[in-house]
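Take a look at the structure below.
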Amino acid sequence: MKVTKLLRMIRSIPAMLGVLLIVALPRLGIAASSAWDTNEHVDTRLVSAAGAVGNGATLSLGLHFKLRPGWKIYWRTPGDAGFPPEADWAGSDNLKAAALSWPTPARFSIFGLETLGYENEVLLPLTVTLQRPGDALRLKASIRYLACKDICIPYTASLAFEVPPGRAAPGPDAGLIGRFAALVPGTDRSLTIERTTLLRGGPDPVVQIEARSARPFVDPDLFVEFAKAPNEIVFGKPKVRLSAGGTRAVIEVRGIGADPDAVNGAELIFTLVDGRRAIETTMSVRFGGPIEVVPDAAAARSIWYFLALALLGGLLLNLMPCVLPVLSIKLLGVIGHGGGDPGLVRRSFLATAAGVASSMLVIAAALIGVKAAGLSIGWGIQFQQPVFLAFMAVIVTLFAFNLFGLFEIVLPQRLSKIALGAGDSTSAGGHFLTGAFATLLATPCSAPFLGTAVGFALSRETPEILAVFGALGVGLALPYLAVAAFPTAVIALPRPGQWMVVLRRVLGALLLATTIWLLSVIAAQIDVETAVILAALLAVAGGVLALKRLPGSRLGRRAGLVVAGLALAVIVLPGLRAPANVPAGMQSDARWQSFDPAELRRIVDSGGVVFVDVTADWCITCQVNKKLVLDRGVVAAWLGSGAVVAMRADWTRPDPVIARYLASFGRYGIPFNAVYGPEAPSGILLPEFLTTAAILDSIALAGDKGARTAAR
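Residue numbers (my numbering): -18 to 693.
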């Protein structure tokens, strides 16, 4: 009778699940965008990155243009002809200020005229400051712009839309705004302008700059504007001279329309572009001698150096808490099958090693694609996506349930054994996917040498990325390759027995702890309610599997269908829940300020010392650094003493500002820590694994000499 009641409860689970999902869904944000203003040649609209204003004082919007083939609009400094888009916000409500940003322009040459602008599609990122934070924003805009092809036609677009009050959930155009915001020139430590000079080129002024690149220039270009005075002088197309190694360039632009004396002492804005890299800086120019091409510094380290770092970093990843459980499960599976056939052991571990290396190359290919799309890239960035975290929580939990003995799924084609790998000692596909699973679990961890190798790879082109990630995969696979090379060593391991039951339970508990960690990251990215709902769904799935094993249970395949439905709900739900509107870098600890590059520079310029910690809830190495070094002992006391300004940048969710900051150091993963001060205005980089001595010594080198005394 009890079993019958339980079966009735199980049958009602799908209906209960549907109700639960409906109740769990928050009010979805309204897609904030204006209607298109359309004419024969251009479509124009305003879009918002969020469906509601949230609690902040600013909003990220965009002015979006789609142009017919061959038509173009102009940059803020158009060149020899044209004028840029201009916005009149009269009639708007709750608007304090609106500032346009300008992605890197293209250069157009026709009939000897040089113009700068955009074709096909462009979005000008727009930062709006609210008069009354939290209240609805009602925008009315009159956008005047010039569209040109064979002829030029001035247009005026009338746009209006409202961003309602409420929690700022990302809207459908958030990715579009982020993609073009990444194209706005900023700072990039791999690209610098070292000096300028002004020459007399007959009646015209000639400006020269010396630029340096951390890697050889590909196709450098330079745009020059006046910082304060009206741009009455038009600067033409640059002439470029490169050093033999291509890492230094002398770039010369000629101005037309004024006497050279009018330029002497002026502040100019230089926008230096090389492929996808672009920086913008303001410098003064004065008369001086011509700049000669400076020879390159010593040759960069060989690619073999970085391949060796990647190999070693991958090997050390096996010691991280992300990967160690998978290696243990693998050995457990071999022991469970007796470990008696060296040939089977060799094939098993070779298949797992192939899964590790191949999946690392898949990650590299995905990063190459994201990079080609102009988006931010980095090690472990998939953990910024709640849906991926939920997917991993499902997979890890299924591994744990299997180890607890709740199920041995036998689906058509032996799908379960392929998924779990250890269930069939002859399943090459299963062992291969076990290796892929190990790779996925490795990505939120870092290891010594890993950041340097990955940073080098992601700052280079496709061949280097594939080579470094391939070496990283081989390093991660080395323990499996070692067992494959000496399979008889497995025979020395203990024979199967009762101790294996205990070990399975311990490993299952470790995997459930991993699930709890994944859900805690979802709680930080979205909210605690969502994480609790997901935990409840996974617990129900475990309960269904446990009921299936009861004597007399007739659930059969229905249990599998229910568990599959619950798993699907766990994966889908985070994509439907609106992320909490928590500003990046916010921390509950009063010692830490939110990361702000402009404020960082202001503090350093005024003689202060700043410690920067870039972290994320999904970064396990970051959490280890906090627990062992940053949040305890002399380091915590020093950071809270007021002698040092502590800034924390939270990369738990995607943030283009943090991504650009990391890229400026040639780094694409975390943890990342740096110390700035009057003696180190460009920053002192710290290793991935922090120590008290390393932090305090760096603070002392940056300008706070008292820190060295504290270190002793």
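We put the CB at the ideal spot given by N, CA and C, even for glycine.
As the structure is a computational prediction, the values presented were derived from the model and not from experiment.
For residue i versus residue j, is the C-beta distance shorter than 8 Å?
i, j, result
"Ser171", "Gly647", "yes"
"Glu660", "Leu682", "yes"
"Ala675", "Pro668", "yes"
"Gly35", "Ala192", "no"
"Pro106", "Ala33", "no"
"Pro166", "Thr228", "no"
"Leu94", "Asp61", "yes"
"Pro323", "Pro460", "no"
"Arg119", "Ser73", "yes"
"Gly698", "Leu293", "Since the first residue shown for the chain is -18 and the last is 693, residue 698 is missing from the structure and cannot be characterised."
"Ala617", "Leu611", "yes"
"Gly244", "Val266", "Inspection of the sequence shows that residue 244 is occupied by Val rather than by Gly. Yes."
"Leu298", "Ala423", "yes"
"Phe207", "Val449", "no"
"Tyr642", "Trp360", "no"
"Val585", "Val593", "no"
Can you look up residue i in the DSSP assignment and give me helix, strand or coil?
i, result
"Leu9", "Residue placement at Leu9 is poorly supported in this model, since its pLDDT is 43, which falls under 50; the coordinates are not used for a value here."
"Leu682", "helix"
"Val(-16)", "In this prediction, Val(-16) has a pLDDT of 48, which is less than 50 and means its spatial position is unreliable; what the coordinates show is noted afterwards. In this structure, Val(-16) counts as helix in the three-state DSSP scheme."
"Ala674", "helix"
"Phe380", "helix"
"Leu392", "At Leu392, the pLDDT of 37 sits below 50, so the modelled position is not reliable; the number obtained from the coordinates is stated separately. In this structure, Leu392 counts as coil in the three-state DSSP scheme."
"Pro637", "helix"
"Tyr642", "helix"
"Ile695", "In the structure as shown, the chain begins at -18 and stops at 693. Residue 695 is therefore absent and cannot be evaluated."
"Leu296", "helix"
"Asp242", "helix"
"Phe385", "coil"
"Lys352", "helix"
"His45", "strand"
"Ala278", "Its pLDDT being 46, under 50, Ala278 is placed unreliably by the model, and the measurement read from it follows with that caveat. Of the three classes helix, strand and coil, the one that applies to Ala278 here is coil, per DSSP."
"Val28", "strand"
"Phe430", "coil"
"Val4", "Note that Val4 has pLDDT 41, beneath the 50 cutoff, so the model's placement of it is unreliable and the number below is only indicative. Helix."
"Trp285", "helix"
"Leu40", "strand"
"Ser340", "helix"
"Phe251", "strand"
"Leu401", "Its pLDDT being 43, under 50, Leu401 is placed unreliably by the model, and nothing is read from it."
Give me the residue from the options with the minimum Cα distance to residue i.
i, options, result
"Asp69", "Ala79, Ala62, Asp61 and Gly60", "Ala79"
"Ser82", "Thr228, Glu100 and Thr58", "Thr58"
"Ala247", "Gly183, Leu179 and Lys220", "Leu179"
"Ala239", "Leu342, Val449 and Val215", "Val215"
"Phe757", "Ser329, Thr596 and Arg222", "Nothing about residue 757 can be read from this structure; the chain reaches only from -18 to 693."
"Val502", "Arg196, Leu609, Ser29 and Asp631", "Asp631"
"Phe89", "Gly115, Trp52, Gly410 and Pro66", "Trp52"
"Phe430", "Phe418, Gly63, Phe413 and Leu453", "Leu453"
"Ser14", "Pro271, Ile158 and Ala419", "Ile158"
"Gln366", "Gly556, Trp360, Gly270 and Leu421", "Gly556"
"Trp573", "Ala548, Gly588, Met628 and Ala490", "Met628"
"Asp200", "Val187, Gly37 and Val231", "Val231"
"Ile284", "Val615, Gly451 and Leu348", "Gly451"
"Val221", "Thr137, Ile272, Tyr55 and Pro153", "Ile272"
"Val337", "Gly295, Phe372 and Pro65", "Gly295"
"Ser41", "Val23, Glu67, Pro151 and Thr25", "Pro151"
"Trp17", "His45, Gly37 and Leu492", "His45"
"Pro578", "Leu609, Pro662 and Thr496", "Pro662"
"Ala335", "Val585, Val513 and Ala417", "Ala417"
Since residue i is in the alpha helix (DSSP H), which residue starts that stretch and which ends it?
i, result
"Lys529", "Val509 to Lys529"
"Trp480", "Gln479 to Gln506"
"Asp116", "Asp116 -> no alpha helix (DSSP H), and no H or E assigned at all."
"Arg694", "Residue 694 lies beyond the residue range present for the chain, which begins at -18 and ends at 693; the question has no answer from this structure."
"Ala409", "Ala409 to Ala423"
So the beta strand (DSSP E) residue i belongs to, where does it begin and stop?
i, result
"Val144", "Cys133 to Val144"
"Tyr649", "It is not in any beta strand (DSSP E) - Tyr649 carries neither H nor E in the DSSP assignment."
"Gly63", "First-last for Gly63: undefined, no H or E at that position."
"Met264", "Arg258 to Ser265"
"Ser663", "Ala661 to Leu666"
"Arg148", "Arg148 -> no beta strand (DSSP E), and no H or E assigned at all."
"Ala78", "Leu76 to Leu81"
Any beta-carbon of chain C closer than 8 Å to the one on residue i?
i, result
"Glu233", "Note that chain C does not occur in the displayed structure, where there is just one protein chain."
Whole runs of the alpha helix (DSSP H) within the stretch 550 to 634, excluding any shorter than 4 residues: 578 to 586, 601 to 606 and 614 to 620
Every unbroken beta strand (DSSP E) inside the stretch 169 to 235 [3 residues or more]: 172 to 182, 185 to 194, 201 to 207 and 220 to 223
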